[in-house]
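**Student:**
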Amino acid sequence: MMSQPVLLDRDKMKRAHRRREIFASYLFIAPYLVLLLMFGVFPVCYALGLSFTDAIEGGFYGLNNYASAIQDFRVPRAARNVGGYVVIWVLLTIVGVTVVTLMLDAINKRAANVLRTVFFLPGAVTSSAVVVLWLFLLDPTVSPFQGLYHLFGWENRINVLSGVGFAGVFAVMAFFAHSGGWIVVLSGAVAGLPGEVIEAARIDGANRWQLATRIKVPMLWRTIVLMGILAVASGLQIFVEPQLMSLVGPSAAQPDWSINQLAYQYAFAVGDFGVSAALSTVVLAISITIALLLIFCTKFYHTN
Amino acid sequence: MLNRKLAGLGLGLLAGAAIVLSATAAMAQDRLTVWTDVVRQSQIEAYKALHPEVTIDVQTVAPEEVVSKLQVLMRAKGAIPDLIWMADSNFASRLSTRLSNYLMDISDLIPQATKDNFYNNANRPCTINGKLVCLRNDITPNVIWYNAPLLQDLGKTVPATWEEFEQLSADVAALNQGYVMGSSSYPYTLWVMMMSAGCDMAVPVDGKEDTLKIDLSTEQCLRPARMIDNMIANGTLIPEEPPSPAFVQKAQANKLVMLVAPTWYGEFVVKASYAFAPKQTGIAIPPKWADQTEPMTWSMGGGAWGIWKDTQVRDAALDMLLWLDTSNENAAAAVTMAAYEPASQAWGKGINESGYYANEDPFGTLVESAGYAHPGYSSLRISVDQAISKTFTPILLSGGKLVDALPGIQQELINQAQLNGYTVE
Amino acid sequence: MSMNTAKLSRLKPGQFVIYACLAFFVCFYGIPLLWLGIASTRSQQSLLTESPFALGSLSTFLQTWTNISSYNDFKLMSWVWNSVIYSVGGVGLSLVAAIPAGYVLGVYNFPGRKLILVLTLIAMITPSSAMVLPIFLEMNLIGLNNSYLGLILATGFFPFGVYLAYIYYATSMPRAILESAQIDGCSRIGLFFHIALPLAKPIVALIAFFSFLANWSNYFLALVLLSDDRLYSLPVGLTSLISSSGALNSGMAGNTIPIKLPEAIMASIFITLPVMLIFLISQRFVRSGTLAGAEKG
Numbered sequence: 000m001m002s003q004p005v006l007l008d009r010d011k012m013k014r015a016h017r018r019r020e021i022f023a024s025y026l027f028i029a030p031y032l033v034l035l036l037m038f039g040v041f042p043v044c045y046a047l048g049l050s051f052t053d054a055i056e057g058g059f060y061g062l063n064n065y066a067s068a069i070q071d072f073r074v075p076r077a078a079r080n081v082g083g084y085v086v087i088w089v090l091l092t093i094v095g096v097t098v099v100t101l102m103l104d105a106i107n108k109r110a111a112n113v114l115r116t117v118f119f120l121p122g123a124v125t126s127s128a129v130v131v132l133w134l135f136l137l138d139p140t141v142s143p144f145q146g147l148y149h150l151f152g153w154e155n156r157i158n159v160l161s162g163v164g165f166a167g168v169f170a171v172m173a174f175f176a177h178s179g180g181w182i183v184v185l186s187g188a189v190a191g192l193p194g195e196v197i198e199a200a201r202i203d204g205a206n207r208w209q210l211a212t213r214i215k216v217p218m219l220w221r222t223i224v225l226m227g228i229l230a231v232a233s234g235l236q237i238f239v240e241p242q243l244m245s246l247v248g249p250s251a252a253q254p255d256w257s258i259n260q261l262a263y264q265y266a267f268a269v270g271d272f273g274v275s276a277a278l279s280t281v282v283l284a285i286s287i288t289i290a291l292l293l294i295f296c297t298k299f300y301h302t303n
Numbered sequence: 000m001l002n003r004k005l006a007g008l009g010l011g012l013l014a015g016a017a018i019v020l021s022a023t024a025a026m027a028q029d030r031l032t033v034w035t036d037v038v039r040q041s042q043i044e045a046y047k048a049l050h051p052e053v054t055i056d057v058q059t060v061a062p063e064e065v066v067s068k069l070q071v072l073m074r075a076k077g078a079i080p081d082l083i084w085m086a087d088s089n090f091a092s093r094l095s096t097r098l099s100n101y102l103m104d105i106s107d108l109i110p111q112a113t114k115d116n117f118y119n120n121a122n123r124p125c126t127i128n129g130k131l132v133c134l135r136n137d138i139t140p141n142v143i144w145y146n147a148p149l150l151q152d153l154g155k156t157v158p159a160t161w162e163e164f165e166q167l168s169a170d171v172a173a174l175n176q177g178y179v180m181g182s183s184s185y186p187y188t189l190w191v192m193m194m195s196a197g198c199d200m201a202v203p204v205d206g207k208e209d210t211l212k213i214d215l216s217t218e219q220c221l222r223p224a225r226m227i228d229n230m231i232a233n234g235t236l237i238p239e240e241p242p243s244p245a246f247v248q249k250a251q252a253n254k255l256v257m258l259v260a261p262t263w264y265g266e267f268v269v270k271a272s273y274a275f276a277p278k279q280t281g282i283a284i285p286p287k288w289a290d291q292t293e294p295m296t297w298s299m300g301g302g303a304w305g306i307w308k309d310t311q312v313r314d315a316a317l318d319m320l321l322w323l324d325t326s327n328e329n330a331a332a333a334v335t336m337a338a339y340e341p342a343s344q345a346w347g348k349g350i351n352e353s354g355y356y357a358n359e360d361p362f363g364t365l366v367e368s369a370g371y372a373h374p375g376y377s378s379l380r381i382s383v384d385q386a387i388s389k390t391f392t393p394i395l396l397s398g399g400k401l402v403d404a405l406p407g408i409q410q411e412l413i414n415q416a417q418l419n420g421y422t423v424e
Numbered sequence: 000m001s002m003n004t005a006k007l008s009r010l011k012p013g014q015f016v017i018y019a020c021l022a023f024f025v026c027f028y029g030i031p032l033l034w035l036g037i038a039s040t041r042s043q044q045s046l047l048t049e050s051p052f053a054l055g056s057l058s059t060f061l062q063t064w065t066n067i068s069s070y071n072d073f074k075l076m077s078w079v080w081n082s083v084i085y086s087v088g089g090v091g092l093s094l095v096a097a098i099p100a101g102y103v104l105g106v107y108n109f110p111g112r113k114l115i116l117v118l119t120l121i122a123m124i125t126p127s128s129a130m131v132l133p134i135f136l137e138m139n140l141i142g143l144n145n146s147y148l149g150l151i152l153a154t155g156f157f158p159f160g161v162y163l164a165y166i167y168y169a170t171s172m173p174r175a176i177l178e179s180a181q182i183d184g185c186s187r188i189g190l191f192f193h194i195a196l197p198l199a200k201p202i203v204a205l206i207a208f209f210s211f212l213a214n215w216s217n218y219f220l221a222l223v224l225l226s227d228d229r230l231y232s233l234p235v236g237l238t239s240l241i242s243s244s245g246a247l248n249s250g251m252a253g254n255t256i257p258i259k260l261p262e263a264i265m266a267s268i269f270i271t272l273p274v275m276l277i278f279l280i281s282q283r284f285v286r287s288g289t290l291a292g293a294e295k296g
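Residue numbers (numbering that gives the first Met the number 0), protein chains in the order written: chain A, 0 to 303; chain B, 0 to 424; chain C, 0 to 296.
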C-alpha cells in the first residue's frame, strides 16, 4: 500500500527532473536560438515566400518568377561559368592544399610553422583591399608577377584575363585568400594521425612519397572530402570576385558572370525581388542539398 | 501715450508670434534628407551655410550603391531621401520604372527659361519617355586632346574630319615609333567613334515609350567600325585602357599623339596621370565625317540631381536642386564643367586662366563641342559599354575585326533591351 | 645515424622537389603581401610607371598619411573605431550565444537537439547574399537598422562558432567529472559555471578569432544595414570613399579628392593589418584549436 505512492512520487520526481533538465537546456540555448530564428530560419523562409510573390502587385505569383528566371538569356551562361569555376576551384583546393600540407609535414617542424603562418596571412586581405591588390597583381606592366606573365607573352590585363580565363582567375583569387586556413586545418589532422602506423610503415621501408600517398592520404580522406564539399558549397555562391572586376575597368567588368550576381542585379538594380529570390532559392537549394548530404553521410551531429 | 504703449506692445506680441510661427513652420516643413557622394559633400555644406532655416540631413553614399540602397529603402518604406545625386546617367531610367519608381516628374516645375539655359541636349539623359525627371549637373562631350609639341614635330595638324583622323593614324603608324591615338579595348572609346556617324546602337525612339532603335548593320555603323579596324591593324589603337599603367607609360614616353575623350580628361587624366607639361596639351573640337555638316559628339559621364516623387518638402528640395545645378557660386567651385551654360562660365574662366593648355581659349573649344552633343545620349536600363566589351574583347584578342563583331554586339544589345522591358525596332 | 644519412642521400631529389614547390608557394602567398607593404611608400606616378618593387620614400609615405588623415576630418579613423565597436560587439555576442549553446548541444540530449544541430550546420555551410534583404526588412520592422545594435545582433549569429563549441564539448569534456558533479547535486547552471566555462578557454579564443575575422571584413550586410556614414564600418566607408574618388579607376575620376592609388593602398593596409596581427598573436591557439575540430571532421 505504502510503496505505490512512493513509486509514483519517484516517477513524478523523475519526470519533473527531466522537465527541469529540458528547461535548463533551452535556457542555455535560448540566446542562440533567438539569433538562429531571426537570422537563419526567418530570412530563408522569407526569401522562399518572395520567390512566389508578384514583385509589383504583391500577390501570389505561382512559378512565374522561376519561369522569368529560366527565360533570362544570361542564366545559362552564368550557370556554365559557375560550373566551370567550381570544378577549377575545388580541384585547386583539394590538390593544392593536400600537396602543400604533406610537404610541410616532411620538413623541419619550425620551418613548417613559419611557412604555415605565411600561407595563412593572405586571408587577412579582405573587402576593398582585395580589389586594390588584384588591380595590380593582374596587370603585367606593374605586377610583381610580371616576369611570369611575360613568359606566356601576356602584355596587358585583358591578355592575362583571357589567357587564364575568368573562372581560373577567380579560382586563383579565392585560393590565395582561403587555402591557408585549410592548410592549417589539414596540418592539424596530419598531426593527429596515429604515430605507430606511420612508424611501422617507415620501418617496413616506405619512403616519404609512399608514406604520403599510401598511408597518410587514405587516413586523411574524411577531412579532404569535407574540404571538397565545403569548397563546392562556397563555390556555388561565388559573388565577390567577379563583382570586384568592374572596379578594375570597363573592359574587364563582369556584372552578370555568376548566378548570385544575377540575383543581386534583379533585386538591387531592377527592384524585382521576386525573380531575385527565385534565383537565390535555386542556388540555396543546391547548396543545402550538398550540406544535408554532408551532414547525414558523415554523421556530423553524433556525440560519441 | 497709453495707446502708443499698447500699440507697441501689440506690435511686439505680433512680431514675437510671427517669429514663433515662422520658426515652427520652418521646423515642420523643411527637413531635407540628401544623398550625395563624397565629392559633392562640400557643396551641400555650402548650401547649408546659405540656408540656416532648412535642416539638412546629409548622407554620403558611394555612387554605384545609390540605386541598390534606394531599392531596399523603398521596399521597406524606410527613410527615403528627398534629393539624390546620380553619378551615372543610367540611374535616371533605372529609377523611373514600375518596379522602382523613385524620381519625380519635374517637367512643369522648372521654368522654361531655366531649361533653355542648359547646353544643347544636356538634359536628354534626364528625359525619360518625354518627362524631365532630373537636372543634369555636369556635361562631358568628347573632344580631341592632343600633344601639341609632338604634333608639331610630326609636321601634322589637328584633323577636322574622321577621314583625316584615320589618315593621320596611318601616317604616324608608318613611322614605326609606337605612336598611339586611343584604345581598342576601352568600350567608351569604341562607343564614341561608333556614335559619331549616327549609328543606331540603342538609341531611344522619340514619341514611343520604352522603345530603342538597335541596328548595327547600317553604313553609319560599318564606316566607323572599318576605321577602328584599320587603326587596330596599324597599331595606333592599343589594347590597353587609357587610365591603365601601360597607357600612362606610353603617354609619358611622348608616344600619345591624340585621344578623343570627354571634357574632364584634361584636368584629371592628361594633367594628373599623363603628367603633360604646361602648354603641351591642346584641345580641339571632335572630328566630323566628311559628308556631315557638323560633328556629333558622344558623352561619357556627367551626373544629375533628382527629387523623390513622394517628398514632403518639394519646394525646399527644388530650391536646393536649382542652386546645386544652376547657381554661379556652386559651379565656380565645381570640379567639372556645369551643364547650365551661365553657371559654367565661372569654371571656364578658371580653365582659361590656368595657362595650362596650348590653346588661347580652351574653354571656348569645350563650349563649341558641347553645342554638337549627340541627341541620342540618354539614360538607358541597359549597358552598351558592357555589350561592346563582352562581345568584342575576345574577338580582339584572337585577332578578329570589329566589323565582324557587330552582329554579336547587336544580338547582345537586343537581348539586354528585351530583358529590361524595351521594345526593339 | 648511418641509416639516416643513407636515407637522406636517397631522398635528395625528392627533397629538392619539396623545397622548390614550397618556395613557389612562399612566393605565391608572400610576394603580394610584401608588395602591398612596399607600395604604401610609393607615389601615384611611381605606382603607374616604375618597376613593381621600386622603393618609395619616407616623405611620400608621410604625404600619403597626411592626405588620409587630413581628408574630411580623418573620418577614416572614426570608421576604424566603428569597426572596432562592431567587431568587439559581434564577437562578444557570438561568444555569449555560442558557448552555452555548444555546451548544451555537446553534453546533453533533449528534444529538438538534432534539429537545431542540423539547422546550424546548414547555416554554416550555406551563407548567402539572399539573406541580406530579409534581414534588412526585419531590422527595419523593429527599428534597428542604421544602428550599432542592429549590426551587432546580426553578426552575433555565428553558427560556425556554435559548431566549434559543440565539437569541443562533445569530445573533450571529461564525462566522469560531469557525472560525479551531477551526483553531488550540482545543477546544470552550476556545472556550466564551475566546470564547463573554465575548461572553455581554448575554444573561446578560437571562436573569438574566427568571429572577429568574419566581422572585421563583413561588407555586404553592413552596407545594407547602415545608411548613415557616421556609422559606417571601415570596409563600407573605405569602399565608398575609393569609389567616390575613383582612386582605382582614374578613367572615371573627375574630382579633386586627395584619395588616389597610394592612399587606397595605405587604407587597405589599415584593413589588413589588425587581422594580420591577430593571426600572428593567436596562431598557436588557432592551430591547436582547429586540430580538435579537424580530428572530428
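The beta-carbon is built from N, C-alpha and C at its ideal position, and this holds for glycine as well.
Since we're looking at a predicted model, the values are computed, not measured.
Tell me which same chain residues have a C-beta within less than 6 Å of the C-beta of Phe-246 (chain B), skipping the five on either side of it?
**Tutor:** The answer, listed in chain order, is Glu-239.
**Student:** When you compare only the Cα positions, how much space is there between Ala-86 (chain B) and Leu-163 (chain C)?
**Tutor:** So the two alpha carbons sit approximately 46 Å from each other.
**Student:** I'd like the list of long-range same chain contacts for Asn-144 (chain C), defined as Cβ closer than 7 Å, with 5 residues on each side in sequence excluded.
**Tutor:** Cβ neighbours of Asn-144 (chain C) beyond the five flanking positions: Phe-135, Met-138, Leu-224.
**Student:** In chain order, what residues of the stretch 127-155 of chain A put their CB closer than 7 Å to some CB of chain B?
**Tutor:** For the stretch 127-155 of chain A, which is checked against every Cβ of chain B, the residues closer than 7 Å are Asp-138, Thr-140, Val-141, Asn-155.
**Student:** Mind checking which residues open and close the beta strand (DSSP E) that includes Arg-30 (chain B)?
**Tutor:** Taken as a continuous stretch (DSSP letters only), the beta strand (DSSP E) holding Arg-30 (chain B) covers 30-35.
**Student:** What distance in whole Å lies between the Cβ atoms of Leu-233 (chain C) and Leu-270 (chain C), which are believed to be in contact at a cut-off of 8 Å?
**Tutor:** One detail in the question is off: residue 270 (chain C) reads as Ile in this sequence, not Leu. Ile-270 (chain C) to Leu-233 (chain C), Cβ: 6 Å. Contact.
**Student:** Does Gly-305 (chain B) come out as helix, strand or coil in the three-state DSSP assignment?
**Tutor:** Note: Gly-305 (chain B) maps to strand in three-state DSSP.
**Student:** What residue range is occupied by the uninterrupted alpha helix (DSSP H) comprising Asp-324 (chain B)?
**Tutor:** Where Asp-324 (chain B) is concerned, the enclosing alpha helix (DSSP H) stretches over 313-325.
**Student:** Mapping the DSSP letters down to three states, classify Ser-95 (chain B) as helix, strand or coil.
**Tutor:** Looking at Ser-95 (chain B) - three-state DSSP - the assignment turns out to be strand.
**Student:** For Ala-246 (chain C), which of C:Glu-262, C:Gln-62, C:Tyr-231, C:Ile-124 has the nearest alpha-carbon?
**Tutor:** Measuring from the Cα of Ala-246 (chain C), the nearest candidate turns out to be C:Glu-262.
**Student:** Check Tyr-46 (chain B) in the structure and name its three-state DSSP category.
**Tutor:** It is helical.
**Student:** Considering just the uninterrupted stretch of the alpha helix (DSSP H) at Tyr-162 (chain C), what are its terminal residues?
**Tutor:** 158-171 is the span of the alpha helix (DSSP H), which, as asked, contains Tyr-162 (chain C).
**Student:** Along the stretch 264-279 of chain B, where does the CB come closer than 9 Å to a CB of chain C? Name the residues.
**Tutor:** Residues Tyr-264, Glu-266, Phe-267, Val-268, Ala-271, Ser-272, Ala-274.
**Student:** For Trp-256 (chain A), write down the residues that DSSP places opposite it in a beta bridge.
**Tutor:** Beta-bridge pairing links Trp-256 (chain A) to no other residue.
**Student:** When the Cβ atoms of the stretch 249-268 of chain A are set against those of the stretch 96-109 of chain C, are three or more pairs found closer than 8 Å?
**Tutor:** No, they do not touch.
**Student:** Does the beta-carbon of Ala-276 (chain A) have 16 or more other beta-carbons within 10 angstroms, so that it is buried, or is it exposed?
**Tutor:** By the neighbour-count rule (16 or more Cβ atoms within 10 Å), Ala-276 (chain A) is buried.
**Student:** Quick test of the definition: if touching needs 3 or more C-beta pairs under 8 Å, does the stretch 377-387 of chain B touch the stretch 406-421 of chain B?
**Tutor:** Because the criterion of three Cβ pairs below 8 Å is met, the stretch 377-387 of chain B and the stretch 406-421 of chain B touch.
**Student:** Where does Met-257 (chain B) fall in DSSP's three states?
**Tutor:** Met-257 (chain B): strand per DSSP, three-state reduction.
**Student:** Could you check the C-alpha separation between Val-423 (chain B) and Gly-407 (chain B) for me, to the nearest Å?
**Tutor:** Approximately 16 Å between the Cα atoms of the pair.
**Student:** In whole angstroms, what separates the C-alpha of Leu-21 (chain C) from that of Ser-161 (chain A)?
**Tutor:** Computed Cα separation, rounded: 28 Å.
**Student:** Does the stretch 365-375 of chain B come into contact with the stretch 278-296 of chain B, if we say contact requires no fewer than three beta-carbon pairs (one atom in each stretch) closer than 8 Å?
**Tutor:** Judged by Cβ distances under 8 Å, the stretch 365-375 of chain B makes contact with the stretch 278-296 of chain B, as three or more pairs qualify.
**Student:** May I ask you to list, following chain order, the residues of the stretch 58-72 of chain A that have a beta carbon less than 9 Å from some beta carbon of chain C?
**Tutor:** Residues: none.
**Student:** Which class does Ala-55 (chain B) belong to by DSSP, given the choice of helix, strand or coil?
**Tutor:** According to the sequence displayed, residue 55 (chain B) carries Ile and not Ala. Note: Ile-55 (chain B) maps to strand in three-state DSSP.
**Student:** Between Gln-62 (chain C) and chain B, is there a C-beta pair that is closer than 8 Å?
**Tutor:** So no, Gln-62 (chain C) is outside the interface.
**Student:** Using a cut-off of 7 Å between C-beta atoms, extract the partners of Ala-245 (chain B) located in chain A.
**Tutor:** Result: Thr-140, Asn-155.
**Student:** Tell me, please, whether the CB atom of Leu-215 (chain B) is closer than 8 Å to any CB atom in chain A?
**Tutor:** By this cut-off, Leu-215 (chain B) is not an interface position.
**Student:** If you follow the alpha helix (DSSP H) that Gly-167 (chain A) is in, where does it begin and where does it stop?
**Tutor:** From DSSP, the alpha helix (DSSP H) with Gly-167 (chain A) extends over 165-190.
**Student:** Taking the alpha carbon of Val-259 (chain B) as the reference point, which residue from B:Tyr-145, B:Ser-326, B:Leu-174, B:Ala-337 has its own alpha carbon closest?
**Tutor:** For the residues B:Tyr-145, B:Ser-326, B:Leu-174, B:Ala-337, the minimum Cα distance to Val-259 (chain B) belongs to B:Tyr-145.
**Student:** Suppose you measure from the CA of Gly-428 (chain B) to the CA of Gly-302 (chain B); what does that come to, to the nearest Å?
**Tutor:** Only positions 0 to 424 of chain B appear in the structure, and residue 428 (chain B) is not among them; the question remains open.
**Student:** Does Leu-149 (chain B) come within less than 8 Å of chain A when only Cβ atoms are used?
**Tutor:** Chain A, which has no Cβ nearer than 8 Å to the Cβ of Leu-149 (chain B), makes this no.
**Student:** Once you ignore the five residues that flank Leu-137 (chain A) on each side, which residues in its own chain have a CB closer than 6 Å to its CB?
**Tutor:** Excluding sequence neighbours, Leu-137 (chain A) sits near Arg-156, Val-159.
**Student:** State buried or exposed for Leu-20 (chain B), treating a residue as buried only when at least 16 other CB atoms are found within 10 Å of its CB.
**Tutor:** Reliability of the predicted coordinates at Leu-20 (chain B) is poor, the pLDDT of 43 falling under 50, and the value obtained from them is presented with this limitation in mind. So Leu-20 (chain B) counts as exposed.
**Student:** 8 Å is my cut-off, CB to CB: does Gln-43 (chain C) come that close to chain A?
**Tutor:** Judged by the 8 Å Cβ criterion, Gln-43 (chain C) is not in contact with chain A.
**Student:** Using only the alpha-carbon positions, how far apart do Ser-245 (chain A) and Ala-128 (chain A) sit?
**Tutor:** Distance between the alpha carbons of Ser-245 (chain A) and Ala-128 (chain A): 15 Å.
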